[in-house]
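All remarks here apply to the structure that follows.
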């Protein structure tokens with residue numbers, strides 16, 4: 273599978289397609305106050321809503337009670353909801369001739385889909401084809417984000433954190449997928465992003481990743497391993 277196969281129901285459960293798990297619906301009414309960075313990140317409302325709900329599901333200890341089936345259903349719903357989202361264009365309402373907003377939203381869209389595939393694992397089926405297609409899209413949008421940030425008059429620390437998170441996701445997602453050149457690119461860019469943020473060890477990195485989206489799951493080890501390899505490579509250069 274290299275593209276979403278089914279539509280999704282809306283957040284209220286209406287329509288045809290894949291349904292959200294109950295936790296997704298409850299996340300809308302969760303009393304947790306909105307974190308400031310979501311407003312500062314300057315992304316489209318659709319992406320802000322998805323990220324906010326996922327944070328409220330995965331950043332609480334309650335995510336540990338998700339069954340394999342619930343995690344599978346959540347992943348299917350989110351991926352199928354993310355990938356058909358129409359790309360933000362220069363003529364759309366939320367682009368407003370703002371390439372930084374466009375690139376940030378698209379990076380978050382691709383990286384979030386990959387992150388869900390990573391934490392889901394291959395319990396039910398391989399995501400090889402789909403993941404590879406998204407990885408290439410993510411790389412394209414990360415380049416666009418870098419270029420947009422370079423000419424922007426806005427200094428956005430939150431975009432730097434988003435970039436580090438997305439590069440980390442791409443670095444892990446491209447391991448063992450036959451995308452050696454892409455993996456090397458993600459690793460090189462991730463090292464540079466970490467250096468710019470003053471992150472020199474895994475504990476520094478994970479504290480930044482937690483700002484965007486992070487779940488305490490066994491797959492966390494995949495990120496730690498890749499970052500330790502990246503830091504080792506840096507030290508021997």
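Residue numbers (the working numbering): 273 to 509. Beta carbons are placed, not taken as given, at the ideal position from N, Cα and C, and that holds for glycine.
Looking at 293, 421 and 299, the one whose alpha-carbon comes closest to that of residue 371 is 421.
When secondary structure is reduced to three states using DSSP, residue 315 falls in the coil class, being assigned neither helix nor strand. Here the stretch 380-388 makes no contact with the stretch 463-481; the two share fewer than three CB pairs at distances below 8 angstroms. Of the other Cβ atoms in all chains shown, 16 or more fall within 10 Å of the Cβ of residue 413; this residue is therefore buried. In the DSSP secondary-structure assignment, residue 290 is bridged to 280.
Using a Cβ-Cβ distance cut-off of 8 angstroms, the stretch 309-319 and the stretch 292-301 are not in contact, since fewer than three pairs of beta carbons, one from each stretch, lie closer than that value.
DSSP, reduced to helix, strand and coil, places residue 442 within a helical segment of the structure shown. Secondary structure note for residue 388: its alpha helix (DSSP H) is the uninterrupted segment 371-392.
Taking the Cα positions, residue 471 is about 19 angstroms away from residue 457. Here DSSP, grouped into helix, strand and coil, assigns residue 486 to coil.
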